[in-house]
Amino acid sequence: MYLVTLYFDDKTNKILERYIRLLSEKTGNDFMIAHEVPPHLTISQIESRDENILFSAMDRLQKNLSEGVVDFVSVGMFLPSVLYAAPVYNASLDMIVKQVFEAFESIPDIRISQRYQPMSFVPHVTLGKTLSKEQMQEAVKVMQEYFVPFRGETVEVGLSKVNPFCDLVRFRLESESNV
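Under the numbering used here, the letters of the sequence shown match residues 148 to 326, in that order.
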């Protein structure tokens with residue numbers, strides 16, 4: 148399995164890392180920290196037997212994608228064990244999701260997860276994972292106390308493989324003024 152993922156500017160990373168640390172400290176679940184999972188927003192999940200066929204799509208994306216703004220307005224859950232920061236699915240994010248989908252959809256012998264396609268995509272940045280029922284309840288309490296809506300910026304995109312996680316390619320997005 149391969150992931151196409153957006154990464155954030157330093158300011159956004161610091162905010163998200165603070166929430167990840169708070170959840171770890173208050174719940175005792177250190178999955179995100181122990182596994183060194185950086186704040187990220189996965190926008191496509193692809194199955195392929197040959198990673199080399201994915202690089203041409205990433206090359207096209209490098210020329211076409213630009214930085215974006217995301218407004219984190221809430222937290223959400225994938226029950227039973229994931230708590231996440233929820234950005235608004237805005238026009239900027241929609242454009243990136245569509246461009247990524249279009250770059251990969253015509254490649255033979257791959258499958259794009261239905262959960263990561265335009266208009267069926269739930270944007271999220273995982274803050275806590277593998278939470279028990281009690282840890283999830285505590286995590287919600289923590290976010291009720293500490294979460295404040297904020298604006299973030301996406302500045303990089305990457306292609307990675309999972310199990311074990313490994314970045315295959317990662318590049319800086321063009322700034323809006325350069326596109």
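The beta-carbon is built from N, C-alpha and C at its ideal position, and this holds for glycine as well.
Computed from a predicted model, the values in this text were never measured in an experiment.
Pick from the options that is closest to residue i, judged by C-alpha positions
i, options, result
"GLN282", "LYS173, ARG165, LEU163", "LYS173"
"MET148", "GLU303, SER191, ALA233, PHE178", "SER191"
"VAL289", "GLY215, LEU212, THR189, SER221", "SER221"
"ASP241", "SER267, SER307, LEU226, ARG258", "SER267"
"TYR166", "TYR293, ARG298, PRO265", "TYR293"
"LEU201", "PHE219, SER307, CYS313, VAL272", "SER307"
"ILE180", "LYS276, ARG317, ILE259, TYR236", "LYS276"
"SER228", "THR273, GLN261, GLU249, LYS161", "THR273"
"ALA286", "MET224, VAL304, PRO311", "MET224"
"GLU183", "LYS280, SER322, CYS313", "CYS313"
"TYR231", "VAL244, VAL302, GLU303, GLN291", "GLN291"
Classification of residue i by the beta-carbon crowding that lies within 10 angstroms, buried from 16 upward
i, result
"HIS187", "buried"
"PRO255", "exposed"
"ALA204", "buried"
"ARG319", "exposed"
"GLY215", "buried"
"ALA238", "exposed"
"GLU252", "exposed"
"ASN199", "exposed"
"LEU226", "exposed"
"PRO330", "For the chain, the structure presents residues 148 to 326; residue 330 sits outside this window and is missing."
"SER171", "buried"
"PRO270", "buried"
"VAL295", "exposed"
8 Å CB neighbourhood of residue i in its chain, flanking five on each side removed
i, result
"VAL326", "Annotation note: pLDDT 45 at VAL326 (below 50); position unreliable, coordinate value reported separately. So the qualifying residues of the chain are SER213."
"GLN246", "LEU208, ASN211, LEU212"
"GLN284", "none"
"LYS158", "GLY299, GLU300"
"ILE257", "ILE193, GLU194, SER195, ILE200, LEU201, PHE251"
Residues near residue i by beta carbon distance below 6 Å, same chain, minus five either side
i, result
"VAL309", "MET148"
"THR189", "LEU150, THR152"
Collapsed DSSP secondary structure at residue i in the structure displayed
i, result
"GLU214", "coil"
"ASP206", "helix"
"LEU320", "coil"
"VAL326", "Residue confidence is low: VAL326 scores 45 on pLDDT, short of 50, so the model does not pin down where it sits. Its coordinate-derived value is still stated next. In the structure shown, VAL326 sits in coil (DSSP, three-state: anything other than H, G, I, E or B)."
"PHE178", "helix"
"GLU164", "helix"
"GLU198", "helix"
Beta carbon proximity, residue i to chain C, threshold 8 Å
i, result
"GLU300", "Absence of chain C from the displayed structure is noted, only one protein chain being present."
Contact set for residue i: own chain, Cβ-Cβ below 7 Å, skip 5 residues either direction
i, result
"GLU164", "PRO186"
| field | 3-residue-minimum beta strand (DSSP E) runs that sit fully inside the segment 223 to 306, ordered along the chain | value | 229 to 234, 257 to 259, 272 to 275
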